[in-house]
Structure formats: C-alpha cells, structure tokens
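S.K.: Those sequence lines, one after another, are chains A and B. To convert, count from 1 in the first sequence and add 835; that's this note's numbering. To convert, count from 1 in the second sequence and add 835; that's this note's numbering. Below is the structure I would like to discuss, written out as structure tokens.
2 protein chains.
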Amino acid sequence: MRSGKLVIAQGGGPTAVINQSLVGAVLEARFYRQIEGVYGARYGVRGIVNEDFVDLSAETRADLEAVAATPSSALGSTRDKPDLDYCRNILASLKAHGTAWFLYIGGNDTAETVRIVSEEAAKSGYDLRCVHVPKTIDNDLMESDHAPGFPSAARFVAQAFMGADLDNRSLPGVYLAVVMGRDAGFLTAASAAARTVEGDGPHLIYLPERAFDQIKFLSEVKSVHDRFGRCVIAVSEGIHDAKGVPLSVKRAGTMEKDAHGNVQLSGTGALADLLGQVIKSELGIKRVRADTFGYLQRSFAGCTSDVDRREAREVGEFAVKQAIWGTGNGSVAIRRTGDYAVDYALVTLDKVAGKTKVMADAFIAPSGSDVTPAFRDYLRPLLGLGLAQAARLRGVAIEKVLKR
Amino acid sequence: MRSGKLVIAQGGGPTAVINQSLVGAVLEARFYRQIEGVYGARYGVRGIVNEDFVDLSAETRADLEAVAATPSSALGSTRDKPDLDYCRNILASLKAHGTAWFLYIGGNDTAETVRIVSEEAAKSGYDLRCVHVPKTIDNDLMESDHAPGFPSAARFVAQAFMGADLDNRSLPGVYLAVVMGRDAGFLTAASAAARTVEGDGPHLIYLPERAFDQIKFLSEVKSVHDRFGRCVIAVSEGIHDAKGVPLSVKRAGTMEKDAHGNVQLSGTGALADLLGQVIKSELGIKRVRADTFGYLQRSFAGCTSDVDRREAREVGEFAVKQAIWGTGNGSVAIRRTGDYAVDYALVTLDKVAGKTKVMADAFIAPSGSDVTPAFRDYLRPLLGLGLAQAARLRGVAIEKVLKR
Chain A
836 MRSGKLVIAQ
846 GGGPTAVINQ
856 SLVGAVLEAR
866 FYRQIEGVYG
876 ARYGVRGIVN
886 EDFVDLSAET
896 RADLEAVAAT
906 PSSALGSTRD
916 KPDLDYCRNI
926 LASLKAHGTA
936 WFLYIGGNDT
946 AETVRIVSEE
956 AAKSGYDLRC
966 VHVPKTIDND
976 LMESDHAPGF
986 PSAARFVAQA
996 FMGADLDNRS
1006 LPGVYLAVVM
1016 GRDAGFLTAA
1026 SAAARTVEGD
1036 GPHLIYLPER
1046 AFDQIKFLSE
1056 VKSVHDRFGR
1066 CVIAVSEGIH
1076 DAKGVPLSVK
1086 RAGTMEKDAH
1096 GNVQLSGTGA
1106 LADLLGQVIK
1116 SELGIKRVRA
1126 DTFGYLQRSF
1136 AGCTSDVDRR
1146 EAREVGEFAV
1156 KQAIWGTGNG
1166 SVAIRRTGDY
1176 AVDYALVTLD
1186 KVAGKTKVMA
1196 DAFIAPSGSD
1206 VTPAFRDYLR
1216 PLLGLGLAQA
1226 ARLRGVAIEK
1236 VLKR
Chain B
836 MRSGKLVIAQ
846 GGGPTAVINQ
856 SLVGAVLEAR
866 FYRQIEGVYG
876 ARYGVRGIVN
886 EDFVDLSAET
896 RADLEAVAAT
906 PSSALGSTRD
916 KPDLDYCRNI
926 LASLKAHGTA
936 WFLYIGGNDT
946 AETVRIVSEE
956 AAKSGYDLRC
966 VHVPKTIDND
976 LMESDHAPGF
986 PSAARFVAQA
996 FMGADLDNRS
1006 LPGVYLAVVM
1016 GRDAGFLTAA
1026 SAAARTVEGD
1036 GPHLIYLPER
1046 AFDQIKFLSE
1056 VKSVHDRFGR
1066 CVIAVSEGIH
1076 DAKGVPLSVK
1086 RAGTMEKDAH
1096 GNVQLSGTGA
1106 LADLLGQVIK
1116 SELGIKRVRA
1126 DTFGYLQRSF
1136 AGCTSDVDRR
1146 EAREVGEFAV
1156 KQAIWGTGNG
1166 SVAIRRTGDY
1176 AVDYALVTLD
1186 KVAGKTKVMA
1196 DAFIAPSGSD
1206 VTPAFRDYLR
1216 PLLGLGLAQA
1226 ARLRGVAIEK
1236 VLKR
C-alpha cells in the first residue's frame, strides 16, 4: 500500500470558497492511516520549492471550519508558472519530504503545473499521485459544467449590479462597471441575474467572446439612454478589438505583465474611466459613472453561494478519495446531471491543463451585447439561496393639479 | 385638527436602508385618519415641483416591506439644491395638493431645503409641518450619534477590506482602495473593523480630517511594506493638501461639478490609480493594486446591518409621530444612550441644515493615518449581527529537510 505525506497547495487568484476545497481535502485526508502527515505548502508551489510547509494535521477541526468560511487562499498563493526546471525542484522537495500524494487547487495554469510534475515523477520512477482541484472565478476550465469559485463571484456581481441599477434608477445617467475575466465572459455575463422586470439593468453586456466595436457600443448606449433615460452597462476587463488587442492595451502604452505574459487588467480603473470618457465626449451625456469591481468580486467576505460552498468542499474531498482509491492522476471535473444536481469525475490532466473554455455561442445574444435565456437558466441554480431581490413601488400616479 | 395630505420624498445619494425610512413613515402615516393621503414625490423635490406624485396609500403592505429591504431610493432622488425661488415652487405644489405634512429623507443639504420650505410656509401663513428624516453614508450630520445608512455602508467597507486584506495576504504586494467621503472620514475609518489580529490590514488609513502629505504617505507605506512584506491602505476620496485642495483636483484639471459646487469624486478610478502609480514609481514596489469601491458601498444588495435597518425604520416612524403629535418642525436625531441603545429626538432644522460633522480628534490616531480604539468602540455596535470573520490557519511549521 502506498504511504507517505499528502502535500496540498493553492495557486492563482483566490476565490471566496477556495478554502472550502482545502478543508474538504484536509478533513478527508486525516481519516486515512496510510497518510502519514498532511502538509500545506505556503504560497503555492513556491512554498514546496522553499520547503515552506505547515502541518495541517495539527489544525483543529473548529479552526479548519472557520477557515473554510473565510475567503482567499489561507495557505497563500502564487502566480509562478513553473517551467521544467522549476517542476523538478518541486519534485525534489516532495521526494525529500516523503510525499505520496500531491493536490494542487487552482485554475488551468495550476493544472498545467500538476501535469508536468506528474510526468516528471513518472519519468523518474517516483510513485506520486497528483490531483488537480479546480477553482476559478473565470469559470474557464474545460470538462467542467462550472468551476468552484465562479458561483460566489457571480453572486457578488449580480448583487452589485442589482444595487448599482437601483442607484442609477434613482439618480439617472450612465453607469458602467468593469468585471474580471480576461478571455471568458461568464462573470461579466452573471450581471444579467440582476434583472427582474423589463427596463432593469444591466441593459448592455460586453464580453471578450465578441470583438468590441466602439461605434456599435456608442450607438447601443445612446439607444438605451434615449429609451429609458438611463443606461447600465457591464463590461468585461478583457474586451478587445477584432484583432484580439485588448482595449486596455490599445490605450495604455506600457502595461505590467505577469509571469504568464498576461497584461495586468485588474487593480486599475483605467478601462472604466476610458469608456466613461468616451461616452461623455461622444454622446454628450453629462452624468456618467464608471466603476471597476476589482478585488471585491473574488474575495468579498460575506457574499457566497451555498451551492458553491458545498461543491467547493466536495471537490476537495473527492480529490482525496480519488488520490487514495483511484487509479491515476487527474483533474476533478463537475458534471451537471439534473436541474439542479452534480456529479464529480476525474479527467486526465491534459484535458484541462493550460486550456481555456469560453462562453458557448448559445449563451450570447445575437446582438453580441447581451446574454440569452439559456445562459440565465444555466446560471440561476449556481447563485444559491437568499439572493437579494429588488422590489419596487407599483407607483400609482396622482393626478396633477397645477399642470394638468 | 390639522388635516390634509402627507408628502414624502427622498433626496441626495441613496443608501442601502433609505427605503426602511420611507416605509417606516408610510406605514405609520396610514394609521392616522387626519392624513387624507400619503403621496410620494418622485425624484425628490423635483417631483414636487413637477407634481410627479405617486399614491403611497395604494401600495400593499407586502410590497412596502419588500421595498424596505431593497437598496437605493425607491421614489428616485435628486441632486437639486433648491434656492428660494425653487422652494417657493415646492410650496406652491404642496399647497395645491392640500399638503399638511412634508417629510424629506436626506442629508444636510436636504435638511437645508426643508428649512427654507418651512420658513416660506410660515411667512405665507400656510400651516405646514416639515420634518427632515436623516440618512447619509457619510455619517456627517450634526446632532446625531450616527446617521442611518452609515452602518450598512460601514459594514460593506469593513467586509470589503477584510476580503481584500486576505487576498493581499495570499498574493502579497500593496493594495489600496478609495472609499467615499468628501469631508468626513467615518466611512473610510470603518475599514479598521476588518482587522482581527496584529498584522491585519488596513495598515494605513487616510482621512479628509488630516492634510495629506505625499512624502509622509510614501514613508508610511514603505515602513509597513518593509515590516510585513505587504501593505493594505484605505484612502478617503476627499483627501486634500494642507490648503484644502483635494488631491484628485490637483491632478485632474477640469472636473465635473454638481449643483452644490462639489467636484465629482466618485464614479472614477483616477485617485486610486494616481496613488498606485506614485507607490510604484517612488517606492519601486512591483505589485501594486488600486481599487475604488464606487457605488457598491452605498447600494450593494445583500450586505446591510440589522441595527441600521431597524434604526432607519424607526427614524421614519418617529418623524411621522413628531409631525402628528409634536409641536414644531425639525430634524430627527439619533442619540446613543447605552452600549448599545438609542433614543430619538427632534432638533431644530438650523442645527443640521447645511452643516457638516467630521470625525472627532479622539477618533483619529496621533499618526494621522489610523483610527483609535475609541473609534472602533463607537463603530462596533453599529455593524450588526453576522459580520464576516476572518479565520486563519495556525500554521505550525514543518522542519526543512533539504535546506536546513
């Protein structure tokens, strides 16, 4: 029987429920006699290379449950994208600590690291079972109906747009907010869940799955504003022109890039301000407000989906079960089996590693600036119980006396 | 016995609980036989002048309760700051509709409108009872311990910084967020409620009550970053230099101004981006992220304080009781009478109208870039039940094998 340590780490951008997966895995792992210790690597794979491990066997159950309910990676995370040498250093550290199981919670880049480490272990004849545990607010993982972390971020975005739309309704004008999502528009599209009745915003939704055309954009904003006297707009940070050049890059000159070669899109209000200025100057609308949801949408404390919490817990637990009882390395995938129920599966790492899923055409309205009812049906069960509801006065008008 | 219509309106920026006050007033008003109709003016006093009234007597109780739980002014709001002529038009419309009671929910500018209207009514010998019902996320009303709307906005800011701090802890660097509050720093100061243990952010808090000095700012950011390897900063949108010139104005050239002559500070990420750039260029710190909380902090659906909901409801109900049974016009004030309990009082309009309360010196740390324990004691009971709590792994370290 395989025995040794189980090492777990968290990579990439945090989510509001990523610690559910950590705790789901840790609590499950502690049941198995053959697991001689549950180690957490601090700051992702960087912590493995640096042997920066904490003993998760020593954490109390009460504290683990409190951590599970806390947003953002409790072990710390990393944006490092390991190359082959880096992965060999990871493996050397895992070997030195007698690791038999390696779990890494993250997105498609994280899956790629797991894939390389598992291949290097096999090549060197080291018996290491490697499982990728999914998370990403972008919802861009292949093979899964959706990714843990997305439902809670979607709930935040929906509730944010609901409030912003009510705000804009009371003080009319144009309101625009930029939502995270470089290549996949799922999170921006979730803004559609803010609508209840005809006329509710967001009235326009711009996704990275469609080329952004400023002339069409301005024409659509004007049309909504002419009709309702106001306009609420959701914009993905990743919108780009027909050649694929992000709008933010076109205007921004030198941009910060991360280790993956991606331009920094978040943590700045530049794109929102740019679009707000264009609307002001080109359409002559006076009251234009442009927000950028920034880091709140992935780490806000106190706005998670119960469905997301439960599933994030389950993928962690399932990953350990697969690592112990399963027959190979892999990535945990979520499969929708009903309306609404899910099953979990272990798929081979190459199917997920480094790949990006974007929104299906069936989810995007023909106009290119809205979602379809099919997307709303897909999203609805993910948002969970107790989603805020916008109510309104029925507003029976009183007859005028002076101006009748 | 005075009899006639009761007209109610909402003015200024919305809050997450302003409809509690509306509904508190409407439900109470509908009990009195001498109130011959409860009218809501759409878009504040502009709706009065335009005779844009809806019949709140006709709204069902169930819908009113649902509206009470919905953020942002259900009747619509206005930024109009009426002069004497405007106020005479308000009065003419109120008279034409047989109004005996006028309630206006808003901040200190709203109170000023109520004051002028009440004086004009008295001068013209028209028997009109006028009551200002307080609301403002800025918490800057004189005579009150705090203003309805502030506790919920403070809860949002606290939970947002809690999440942002956890995010920054997992991917270290500098995180800065700009919070609403032109002259009063209460809402920015509320970020301090995000902290649990030593080392938690926000590490630095910059308020409009103290002159902003960029050299001191950079030195403090550097000091925190050197110590913790990261730094989380809360900045009020109203920070200004020793001469009172807002930082945003110094850099921004021509700025949009509202009817009150105030420069637009919200709805743009410019200040956050500016400060982020300064930190990057002057301190050479690579990972700097700058958010602007924008409109979410005053209208986010699903993050209110139960204390705030209850008190906002009570000030509306209390205003009607005072209008019916009281002896004069006035503004409703909240008085803290215990730890924690409140009483309500009607104070004369001139004590609140057009005046601004700022943070007491006792609430601001000698450093000028933090709050005191006295402020945290003041804030704590306002935030309500079920505030998110940040938990952390205790993190017992595993001994190194390779690098010991």
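Just so you know, even glycine gets a beta-carbon here, dropped at the ideal spot from N, CA and C. Being a predicted model, the structure only gives us computed values, none of them experimental.
Comparing the C-beta of Gln-1132 (chain B) with each C-beta of chain A, is any distance below 7 Å?
M.R.: no
S.K.: Any beta-carbon of chain A closer than 7 Å to the one on Gly-1165 (chain B)?
M.R.: Output row for Gly-1165 (chain B): interface = no.
S.K.: Jot down the residue ranges of each uninterrupted alpha helix (DSSP H) in the stretch 892-975 of chain A, minimum 4 residues, whole runs only, in chain order.
M.R.: 896-903, 919-931, 943-958, all fully within the stretch 892-975 of chain A.
S.K.: Could you run through the stretch 912-923 of chain B and flag, in chain order, every residue whose CB is less than 9 Å away from some CB of chain A?
M.R.: Of all residues in the stretch 912-923 of chain B, Ser-912, Thr-913, Arg-914 have a Cβ within less than 9 Å of some Cβ in chain A.
S.K.: Measure the alpha-carbon distance for Ala-1069 (chain B) versus Val-1182 (chain A) and round it to whole angstroms.
M.R.: 44 Å
S.K.: Looking at the strands, I want to know which residues DSSP matches up with His-1038 (chain B).
M.R.: Partner(s): none; His-1038 (chain B) has no beta bridge.
S.K.: Compare the C-alpha of Tyr-878 (chain B) against each of B:Ser-1204, B:Val-1067, B:Gln-845 and name the closest.
M.R.: B:Gln-845
S.K.: Measuring alpha carbon to alpha carbon, tell me which residue in B:Arg-837, B:Ala-1188, B:Thr-850, B:His-981 is nearest Phe-1210 (chain B).
M.R.: Ranking the options by Cα distance to Phe-1210 (chain B), first place goes to B:His-981.
S.K.: Quick one, which of B:Ala-1188, B:Val-1231, B:Asp-1143 has its alpha-carbon nearest Leu-1220 (chain B)'s?
M.R.: B:Asp-1143
S.K.: Within the continuous alpha helix (DSSP H) that includes Gly-998 (chain A), where are the two ends?
M.R.: 985-1005
S.K.: In the DSSP assignment, what residue or residues form a beta bridge with Gly-1161 (chain A)?
M.R.: According to DSSP, Gly-1161 (chain A) bridges with nothing at all.
S.K.: Taking just the CA atoms, how far does Ser-1134 (chain B) sit from Val-1236 (chain A)?
M.R.: Each residue's CA atom was taken as its position, placing Val-1236 (chain A) and Ser-1134 (chain B) some 34 Å apart.
S.K.: If you draw a straight line from the alpha carbon of Val-1241 (chain B) to that of Gly-1173 (chain B), how long is it in whole angstroms?
M.R.: The structure shown does not extend to residue 1241 (chain B), since chain B is modelled only from 836 to 1239, so the question has no answer here.
S.K.: Quick one: what's got a C-beta closer than 7 Å to Ser-838 (chain A)'s C-beta in the same chain, skipping five residues either side?
M.R.: Gln-869, Glu-871, Ala-935
S.K.: Can you check whether the C-beta of Thr-1089 (chain A) is within less than 7 Å of a C-beta belonging to chain B?
M.R.: Confidence in Thr-1089 (chain A) is poor, its pLDDT being 47 and thus under 50, which makes the residue's placement too unreliable to answer from.
S.K.: Determine the direct distance from the alpha carbon of Ala-901 (chain A) to that of Arg-950 (chain B), and round the result to whole angstroms.
M.R.: 51 Å
S.K.: For Lys-1235 (chain A) and chain B, any beta-carbon pair shorter than 7 Å?
M.R.: For Lys-1235 (chain A), the answer is yes, since a Cβ of chain B falls inside 7 Å of its Cβ.
S.K.: Closer than 7 Å by C-beta to Thr-1089 (chain A): which residues in its own chain qualify, once you throw out the five before and the five after it? Chain order, please.
M.R.: Because the pLDDT of Thr-1089 (chain A) is 47, which lies under 50, any placement of that residue in the model is unreliable, and the number read from its coordinates should be weighed accordingly. Correct list: empty, nothing qualifies.
S.K.: What first and last residue would you give for the beta strand (DSSP E) that runs through Val-1193 (chain B)?
M.R.: First-last for Val-1193 (chain B): undefined, no H or E at that position.
S.K.: Count the C-beta pairs between the stretch 1019-1035 of chain A and the stretch 987-1004 of chain A that are closer than 8 Å, then say yes if the count reaches three, no if not.
M.R.: yes
S.K.: Check whether chain B comes within 7 Å of Gly-941 (chain A), counting only Cβ atoms and requiring the distance to be less than that.
M.R.: no
S.K.: Would you call the stretch 944-959 of chain B in contact with the stretch 1176-1191 of chain B, where contact means no fewer than 3 C-beta pairs closer than 8 Å?
M.R.: yes
S.K.: Since Ser-1071 (chain B) and Val-1014 (chain B) should fall inside the 8 Å C-beta cutoff, what is the C-beta to C-beta distance between them, to a whole number of angstroms?
M.R.: Correct: roughly 6 Å between the Cβ atoms.
S.K.: Taking 8 Å as the limit between beta carbons, can you name the residues of its chain near Val-858 (chain A), skipping five residues before and five after?
M.R.: Answer for Val-858 (chain A): Leu-899, Glu-900, Val-902, Ala-903, Arg-1148, Gly-1151, listed in chain order.
S.K.: Kindly identify the DSSP beta-bridge partner or partners of Gln-845 (chain A).
M.R.: A:Ile-940
S.K.: Put Phe-888 (chain B) into one of helix, strand or coil per three-state DSSP.
M.R.: strand
S.K.: Pull up the distance between the alpha-carbon of Ala-1046 (chain B) and that of Thr-1162 (chain B), whole angstroms please.
M.R.: Going from the Cα of Ala-1046 (chain B) to the Cα of Thr-1162 (chain B) covers about 43 Å.
S.K.: Could you spell out the range, first to last residue, of the beta strand (DSSP E) harbouring Val-1032 (chain B)?
M.R.: Segment: none, Val-1032 (chain B) is in no beta strand (DSSP E) and carries neither H nor E.
S.K.: Just the chain A side, please: which residues come within less than 8 Å of Arg-1004 (chain B) by C-beta, in chain order?
M.R.: Ser-907, Gly-911
S.K.: For Ile-870 (chain A), does the three-state DSSP call read helix, strand or coil?
M.R.: strand
S.K.: What separation, rounded to the nearest whole angstrom, lies between the Cα atoms of Asp-1265 (chain A) and His-1038 (chain A)?
M.R.: Here chain A covers residues 836 to 1239 and nothing more, so residue 1265 (chain A) does not appear.
S.K.: For Asp-1108 (chain B), which three-state DSSP category applies?
M.R.: helix
S.K.: Measure the Cβ-Cβ separation of Arg-881 (chain A) and Thr-913 (chain A) and say whether it is below 7 Å.
M.R.: yes
S.K.: Just checking: is the beta-carbon of His-1060 (chain A) within a distance shorter than 7 Å of some beta-carbon in chain B?
M.R.: no
S.K.: Does the Cβ of Val-852 (chain B) have 16 or more other Cβ atoms within 10 Å, making it buried, or fewer, making it exposed?
M.R.: So Val-852 (chain B) ends up on the buried side.
S.K.: Among B:Leu-1228, B:Asp-887, B:Lys-1238, which has the Cα closest to the Cα of Leu-1001 (chain B)?
M.R.: B:Leu-1228
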